[in-house]
Amino acid sequence: MLYPATKVTLIAEHFLVERVCALIEACGGHGYTLTPVGGKGLHHLHATSDRATLVEGFDHQQVEVITTDRAKAERIAERALKELFTNHSGVVYLESIEVCRRERF
Amino acid sequence: MLYPATKVTLIAEHFLVERVCALIEACGGHGYTLTPVGGKGLHHLHATSDRATLVEGFDHQQVEVITTDRAKAERIAERALKELFTNHSGVVYLESIEVCRRERF
Amino acid sequence: MLYPATKVTLIAEHFLVERVCALIEACGGHGYTLTPVGGKGLHHLHATSDRATLVEGFDHQQVEVITTDRAKAERIAERALKELFTNHSGVVYLESIEVCRRERF
């Protein structure tokens with residue numbers, strides 16, 4: 001009923017999100033979830049010390065993709081870092097989770 | 106100070122969210138957190154290839170419930186799949202976490 | 211390429227978020243991600259049974275901070291509970307994750 005899987009979380013500026021999604025699909029990801037987020041320390045390009053502004057502005061999106069294939073998860077993270085986040089800000093991390101309906105991931 | 110717990114994440118279309126919350130309460134869940142999300146591959150009913158639209162539209166909600174009772178977490182996931190997500194789209198997964206203030210979960 | 215890290219999640223009412231962020235920085239956190247959330251059972255002060263309202267209103271924010279220093283993660287959680295959430299509602303939990311680009315956390 002429950003199967004081990006890996007969730008890859010990628011946080012990117014809005015203008016990069018389409019490319020993040022395209023990369024996930026190119027790596028064989030079967031879907032993703034998008035959440036509007038903001039924060040501090042996400043970007044090195046235009047860091048700001050105005051905490052109030054950051055609290056208000058959700059200028060990034062969090063993209064989450066789940067896969068039961070650990071190698072695929074690592075490939076998505078690795079390619080995102082190399083192809084998208086070298087010149088742009090972004091955060092990438094992996095979490096171990098358990099999914100139902102294994103065939104969907 | 107820190108206690109092992111399980112977080113159940115359920116992603117559902119807006120119209121289903123009230124039923125997801127009612128099911129959590131019926132299973133003895135003590136609360137939940139709601140986040141607006143969008144995505145691709147969340148629904149099999151009206152899948153679209155228009156990535157731009159998906160990036161803009163947060164038409165789903167992510168419902169997270171935390172419990173220190175692993176069996177309760179599995180029951181919520183199992184019932185949601187059987188009672189809500191058989192005919193509707195949705196994603197369900199479990200994560201192992203550590204909570205403070207055990208008595209609140 | 212991938213390094214073990216800890217993600218601390220803190221959910222607080224809007225008016226507390228700036229103090230949560232200041233506390234993270236005071237503990238040496240290098241950044242954080244903010245997500246608008248709502249829910250039930252988040253606050254003991256003004257609990258409501260109106261589920262529909264809760265589904266609509268994202269009156270809390272989720273603050274996530276990642277660190278490769280487990281002790282720092284615990285210190286953030288402990289201080290938030292003692293200094294911010296004793297008199298105010300809030301949820302705090304830790305997750306084990308894996309990060310790329312270790313030097314950024």
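Chains as they are written, first to last, in my numbering: chain A, 1 to 105; chain B, 106 to 210; chain C, 211 to 315. Where is the CB? At the ideal position from N, CA and C, for every residue including glycine. Only a predicted model underlies this, so the values are computations on that prediction, with no experimental measurement involved.
For A:TYR93, the neighbours in chain C by C-beta distance under 8 Å run, in chain order, ALA215, LYS217, ILE276, ILE307, GLU308, VAL309, CYS310.
In the DSSP assignment, C:THR219 is bridged to C:GLU274, C:TYR303. The CB of C:LEU226 never comes closer than 7 Å to any CB in chain A; the least such distance is about 11 Å. Only residues of its own chain outside the window of five on either side were considered, and among them CYS237 have a CB closer than 8 Å to the CB of C:ARG285, listed in chain order. A direct Cα-to-Cα measurement between B:GLY143 and A:ALA12 gives close to 15 Å.
For the region 132-148 of chain B, the set of positions with a beta-carbon nearer than 8 Å to some beta-carbon of chain A reads THR140, PRO141, VAL142, GLY143, GLY144, LYS145, GLY146, LEU147 in chain order.
Taken in chain order, the members of the region 291-302 of chain C whose beta-carbon sits within less than 7 Å of a beta-carbon on chain B are LEU291, VAL302. Assignment of beta-bridge partners to B:THR138 by DSSP yields B:GLU169, C:GLY249. Taking C-beta atoms as the reference points, A:GLU98 and B:LEU199 count as a pair closer than 8 Å.
Separation of B:HIS165 and B:GLU183 (C-alpha to C-alpha, rounded to the nearest whole angstrom) is 20 Å. What A:LEU2 touches in chain B, judged by beta-carbon distance under 8 Å, is GLU179, ALA182, LEU199, going in chain order. CA-CA distance, C:HIS298 to B:LYS112, rounds to 22 Å.
Residues of chain A with a Cβ closer than 7 Å to the Cβ of B:ILE116 are, in chain order, THR33. The Cβ neighbour count for C:LYS250, taken over all protein chains shown within 10 Å, is at least 16; the residue is labelled buried. Annotation: the continuous alpha helix (DSSP H) that includes C:HIS224 extends over 224-236.
When the beta-carbon positions are compared, B:THR173 and B:ARG207 come within less than 8 Å of each other. Under the Cβ distance rule, A:PHE58 counts among the residues neighbouring chain C, one pair being separated by less than 8 Å. When the Cα atoms are used, B:ALA178 and B:ARG124 turn out to be separated by approximately 17 Å. Per DSSP, B:GLU179 has no beta bridge partner at all. C:ARG314 and A:PHE15 have their C-alpha atoms some 22 Å from each other.
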